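Taken in order, these protein sequences are the chains called A and B.
For the first sequence, position 86 matches number 86 in the numbering used here, and the numbering has no gaps at all.
So the number in the numbering used here is just where the residue sits in the second sequence, counting from 1, plus 109.
For every residue, glycine included, the Cβ atom is placed at its ideal position computed from N, Cα and C.
Predicted model only: the values in this text are computed from it and were never measured.
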Amino acid sequence: MLRENSNANDQPVNILAVTDAGLDPLVPFGRELVAFVDAIVLMDFDELPIARQDLFDAAGPGAVTRAAAVCAGFEGTNRVVDAVGVPVNKRYYDIADELQVTIPEHLRG
Amino acid sequence: MSTASQLAAPDTAADAAIANALTNLATAGSFFSGAERLALAQQARFSRGLDPTAPDLTPIVADTVRRVAVEAMKSRSEHVAAWEAAGHDVLAFVELVAVVAQISSIDSYRVGIGAALDPLPAPIPGDPTPNVDERAVTSNAWVPTVGIALAPTALNALPAEKRIKDEVSKEWYLTDEFVHKYEIDPGRELTRAQMELVASRTSYLNECFF
Chain A
1 MLRENSNAND
11 QPVNILAVTD
21 AGLDPLVPFG
31 RELVAFVDAI
41 VLMDFDELPI
51 ARQDLFDAAG
61 PGAVTRAAAV
71 CAGFEGTNRV
81 VDAVGVPVNK
91 RYYDIADELQ
101 VTIPEHLRG
Chain B
110 MSTASQLAAP
120 DTAADAAIAN
130 ALTNLATAGS
140 FFSGAERLAL
150 AQQARFSRGL
160 DPTAPDLTPI
170 VADTVRRVAV
180 EAMKSRSEHV
190 AAWEAAGHDV
200 LAFVELVAVV
210 AQISSIDSYR
220 VGIGAALDPL
230 PAPIPGDPTP
240 NVDERAVTSN
250 AWVPTVGIAL
260 APTALNALPA
270 EKRIKDEVSK
280 EWYLTDEFVH
290 KYEIDPGREL
300 TRAQMELVAS
310 RTSYLNECFF
């Protein structure tokens, strides 16, 4: 959806930054957002206060809340789709190849 | 120096949706009582290292909760088959997944904004009463759904579980109606591109291809 949004709104984005945190996503405050998400999902309680403060300093309290909210929503959705075996839509196969991630056989529809 | 929670803007709509979701967790569902649903939630927290105490659950229930809570990407159809072979309804599995996903997402939100976890409420007395969409059949996923299984339809065999998940999700992110309408500005504190970056990175870290 990141790629589709980029295409629809003619906004540049480096989609490879999704899988390589060392790259600049080319999205405003992208590095701060990625670091914040990493700390939440990995439950890194050492990094989380730093990442939260950095995002706050860069983008303000609303960004902290919204980033946590979007991350949380996908924390739930990811668990649901994987646990019940929702297959990956074929239209995402090309992006998976671009990101060099392998869609497991059991999720290929 | 600001405290952690002062670094996040209040979101009263999200808080209200979460409060409603927690009440729902404490209320009897289609297959589990309120007390049983809360035990599933506690086991999810225990599995994620967010609660020191494990509730008293049968091994297959405890292990299923643990897997969904901490390594859902390792789920396989064989796990659903084992669940049914142990005498459990496949739709009880769906309810378990809904409960674990709900509490896990709420907890991740609180952790993210630097707030304390919500205390689990007291169970609301009552027996489970099946609330099942009879049109649900197993098609392209491992559990019954109404229509083909997609992220928005994965829980729709149990309408109450889908409704409560959707109510929280729309406050956090977007309603299903607008998820793929990229030309619409969601009017959030982050742009659509920023939100999609957050979503994509979350899914990547969870080894989820959604």
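Quick one: using the 10 Å Cβ neighbour count with 16 as the cut-off for buried, is Asp294 of chain B buried or exposed?
-> As a working note, residue 294 of chain B is residue 185 in the second sequence. When all chains shown are included, Asp294 of chain B counts as exposed.
Does the segment 68-85 of chain A come close enough to the segment 274-291 of chain B to have 3 or more Cβ pairs within less than 8 Å?
-> Touching, yes, given that three or more Cβ pairs across the two stretches are closer than 8 Å.
Since Asp82 of chain A meets chain B, which of its residues come closer than 7 Å, beta carbon to beta carbon?
-> Taking the first residue of the first sequence as position 1, residue 82 of chain A is located at position 82. Neighbours of Asp82 of chain A on chain B, chain order: Ala181, Met182, Ser184, Cys317.
Contact check, Leu200 of chain B vs Val252 of chain B, beta carbons under 9 Å = Within the second sequence, the letter at position 91 stands for residue 200 of chain B. Within the second sequence, the letter at position 143 stands for residue 252 of chain B. Cβ distance < 9 Å, so Leu200 of chain B and Val252 of chain B count as in contact.
Cβ of Asp46 of chain A within 9 Å of any chain B Cβ | The residue you call residue 46 of chain A lines up with position 46 of the first sequence. Nearest CB-CB separation between Asp46 of chain A and chain B: not below the 9 Å threshold.
Expressed to the nearest angstrom, what Euclidean distance is found between the alpha-carbon atoms of Met110 of chain B and Gln53 of chain A?
-> Taking the first residue of the second sequence as 1, we reach residue 110 of chain B at position 1. Taking the first residue of the first sequence as 1, we reach residue 53 of chain A at position 53. Confidence in Met110 of chain B is poor, its pLDDT being 44 and thus under 50, which makes the residue's placement unreliable; the coordinate value appears in the next sentence. Taking the straight line from one Cα to the other gives about 10 Å.
Collapsed DSSP secondary structure at Val70 of chain A in the structure displayed | The residue you call residue 70 of chain A lines up with position 70 of the first sequence. For Val70 of chain A, the secondary structure class from DSSP, reduced to helix, strand or coil, is helix.
Between which two residues does the alpha helix (DSSP H) carrying Arg176 of chain B extend?
-> Here the question's residue 176 of chain B lines up with position 67 in the second sequence. Segment 168-179, the alpha helix (DSSP H) holding Arg176 of chain B.
For Leu108 of chain A: DSSP bridge partner residues = Here residue 108 of chain A corresponds to residue number 108 of the first sequence, with the count starting at 1. For the sequence presented, residue 108 of chain A should be read as Arg rather than Leu. Beta-bridge pairing links Arg108 of chain A to A:Val88.
Secondary structure of Val255 of chain B, DSSP reduced to three states = The sequence position of residue 255 of chain B within the second sequence is 146, counting from 1. Here Val255 of chain B sits in coil by DSSP.
Which of helix, strand or coil DSSP assigns to Thr121 of chain B | Your numbering for residue 121 of chain B matches position 12 in the second sequence. Helix at Thr121 of chain B.
Residues from the segment 63-75 of chain A in contact with chain B, defined by Cβ distance under 9 Å | Taking 9 Å as the upper bound on Cβ-Cβ separation, chain B lies near residues Ala63, Val64, Thr65, Arg66, Ala67, Ala68, Ala69, Val70, Cys71, Ala72, Gly73, Phe74, Glu75 of the segment 63-75 of chain A.
What are the start and end residues of the alpha helix (DSSP H) that includes Ile233 of chain B?
-> Position 124 of the second sequence, counting from 1, holds the residue named residue 233 of chain B. Run containing Ile233 of chain B: none; DSSP gives neither H nor E here.
Identify every run of the alpha helix (DSSP H) within the segment 269-310 of chain B, keeping only runs that are complete inside it and at least 4 residues long; order them along the chain.
-> none
Check the Cβ-Cβ distances between Asp242 of chain B and every residue of chain A, and say whether any is below 9 Å.
-> Taking the first residue of the second sequence as 1, we reach residue 242 of chain B at position 133. No - not a single Cβ of chain A is within 9 Å of the one on Asp242 of chain B.
Whose C-beta lies closer than 6 Å to the C-beta of Leu48 of chain A among residues of the same chain, with five residues either side of it excluded?
-> Working through the first sequence from its first residue, we reach residue 48 of chain A at position 48. Excluding positions up to five away in sequence, the list reads Ala39.
Using 8 Å as the cut-off, classify the Cβ of Phe202 of chain B as near or not near the heavy atoms of the ligand MG, replying yes or no.
-> The ligand content of the structure shown is nil, which means the ligand MG is not present either.
Is the CB of Ser278 of chain B under 9 Å away from at least one CB in chain A?
-> Looking up residue 278 of chain B in the second sequence gives position 169. Closer than 9 Å to some Cβ of chain A, the Cβ of Ser278 of chain B qualifies, so yes.
For Lys290 of chain B, count neighbouring C-beta atoms within 10 Å of its own C-beta (all shown protein chains included) and say buried if the count is 16 or more, exposed if not.
-> Taking the second sequence and counting its residues from 1, the one referred to as residue 290 of chain B is at position 181. Exposed, because fewer than 16 other Cβ atoms sit within 10 Å of the Cβ of Lys290 of chain B.
With Leu99 of chain A as the anchor, note down where its alpha helix (DSSP H) starts and where it stops.
-> Position 99 of the first sequence holds residue 99 of chain A. Where Leu99 of chain A is concerned, the enclosing alpha helix (DSSP H) stretches over 93-99.
Classify Val80 of chain A as helix, strand or coil using the three-state DSSP reduction.
-> The residue labelled residue 80 of chain A in the question sits at position 80 within the first sequence. Here Val80 of chain A sits in helix by DSSP.
Quick one: which chain A residues come within Cβ less than 9 Å of Glu298 of chain B?
-> For this step, residue 298 of chain B is matched to residue 189 along the second sequence. Those are Ala59, Gly60, Pro61, Gly62, Ala63, Val64, Thr65, Arg66, Ala67, listed as they occur along chain A.
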